[in-house]
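Numbering (this note's numbering), first residue to last: 119 to 453.
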Ligand SMILES: [Zn+2]
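Right, dumping it as structure tokens:
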């Protein structure tokens with residue numbers, strides 16, 4: 119019965135390693151079904167079976183479950199896996215060192231996976247960030263604001279009209295650029311030492327940053343400790359559950375490991391927030407004004423060519439919404 123065979127191979131997620139046996143009886147069942155699938159393996163379902171073999175078990179950082187992570191594809195030498203419980207995507211990398219990665223090259227178009235010309239597009243970015251500040255003020259009108267991964271400080275310059283601002287940035291050049299423009303910015307990772315020096319705050323923003331963090335859950339947990347009760351965390355990141363992401367697969371514009379390590383869905387964002395005692399107060403897929411040069415840069419990269427530094431249209435922007443990026447406001451309860 120070919121149909122039944124297909125069924126078996128679809129379910130053959132279980133590995134025989136001790137990791138898979140931890141947890142539930144259901145997991146144990148899957149191991150047995152996996153063994154059945156091996157016994158009934160035929161050439162027609164070989165391919166499906168191959169990909170299932172690369173599934174593995176992980177404790178998911180978003181939903182906290184020891185769950186099967188389905189192998190989706192390989193991209194840039196990294197395995198991309200997805201938690202079967204909540205939809206969180208993860209890139210498995212070997213020896214990725216963020217400190218040596220986020221250098222000035224990253225922001226100046228020297229690397230195909232970085233920004234086209236971050237400083238050159240300041241005007242457009244600042245207009246965009248002014249909109250983000252307006253959005254944030256609907257949830258918190260003023261107070262202290264911390265930007266984690268503040269890059270060249272363009273957002274902070276817009277935010278400082280209403281907030282008492284500071285920032286953390288890993289790239290030394292970018293942090294130095296911020297300080298020269300009068301901003302209170304620290305170089306380094308958002309760790310206990312650095313956050314201790316900054317004290318508590320009312321608003322924390324991570325704009326297109328969470329997907330870069332080696333351990334986003336630990337970082338957010340740490341940030342929650344430095345957030346005043348009633349304060350908010352504003353996160354922008356891709357939406358791995360979006361139609362565009364699912365259709366484009368490995369070719370999705372935000373599928374760029376090892377630069378991006380985590381791919382949140384709405385469900386995984388909700389799961390992580392709840393488990394950290396935060397309330398999801400708002401989630402949407404905002405329109406964005408994108409510099410033409412960045413659009414051209416990303417299109418060139420997607421076509422498989424190595425992008426060159428782009429001389430055109432740094433000052434022009436285009437409103438874009440592929441509904442594949444989300445903006446989330448998480449609130450720490452007041453009591
Ligand atoms: Zn999960």
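C-beta: ideal position from N, C-alpha, C; glycine also.
Quick one: is residue 311 buried, meaning 16 or more other Cβ sit within 10 Å of its Cβ, or exposed?
exposed
Using DSSP bridges, identify the partner residues of residue 390.
Paired residue(s): none; residue 390 is not in a bridge.
With distances taken from each beta carbon to the nearest heavy atom of ligand 1, which residues come in below 6 Å, in chain order?
178, 180, 181, 183, 185, 201, 203, 204, 206 and 386
Taking the Cβ atom as the reference point for each residue, do residue 266 and residue 321 lie within a distance shorter than 8 Å?
no
Decide if the region 193-212 is in contact with the region 236-251; the criterion is three or more beta carbon pairs, one per stretch, under 8 Å apart.
They do not touch, by the three-pair rule.
Should residue 247 and residue 290 be called a contact, given that it needs their Cβ atoms to be closer than 8 Å?
no
Report yes if the C-beta distance between residue 69 and residue 207 is below 8 Å; otherwise report no.
Residue coverage of the chain in this structure runs from 119 to 453, which leaves residue 69 outside it and unanswerable.
Would you please verify whether the beta carbon of residue 258 is less than 8 Å from any beta carbon of chain B?
Among the protein chains of the structure shown there is no chain B, as only one such chain exists.
Measure the C-alpha to C-alpha separation of residue 437 and residue 407 and round it to an integer number of angstroms.
4 Å
Quick one: give me the first and last residue of the alpha helix (DSSP H) that residue 212 is part of.
From DSSP, residue 212 is part of no alpha helix (DSSP H); its letter is neither H nor E.
For residue 193, write down the residues that DSSP places opposite it in a beta bridge.
196
Quick one: is residue 150 buried, meaning 16 or more other Cβ sit within 10 Å of its Cβ, or exposed?
For residue 150, the pLDDT reaches just 36, beneath the cut-off of 50, and the residue's location in the model is therefore unreliable, leaving the point undetermined.
Let me know the beta strand (DSSP E) ranges lying completely inside the region 315-365, each 3 residues or longer, listed in chain order.
319-325 and 345-356
Give the single residue among 324, 334 and 422 whose Cα lies nearest to the Cα of residue 369.
422
Locate the beta strand (DSSP E) running through residue 304, then write down its first and last residues.
Counting along the chain, the beta strand (DSSP E) containing residue 304 begins and ends at 303-305.
For the candidate residues 449, 330, 205 and 271, whose alpha-carbon lies nearest to that of residue 185?
Closest by alpha carbon: 205.
DSSP three-state label for residue 444, please.
Per DSSP, reduced to three states, the secondary structure at residue 444 is strand.
What does residue 242 pair with, by DSSP beta-bridge criteria?
Paired residues: none, contrary to the question.
State the CB to CB distance for the pair residue 260 and residue 280, rounded to an integer number of angstroms; the pair is presumed to be in contact (CB under 8 Å).
Residue 260 to residue 280, Cβ: 5 Å. Contact.
Within 10 Å of its beta-carbon, does residue 252 have 16 or more other beta-carbons around it, so buried, or fewer, so exposed?
The residue in question, residue 252, is exposed, as its Cβ has fewer than 16 Cβ neighbours within 10 Å.
For residue 409, list the residues DSSP reports as bridge partners.
In DSSP, residue 409 forms a bridge with 435.
For the beta strand (DSSP E) holding residue 397, just list the boundary residues, first then last.
397-402
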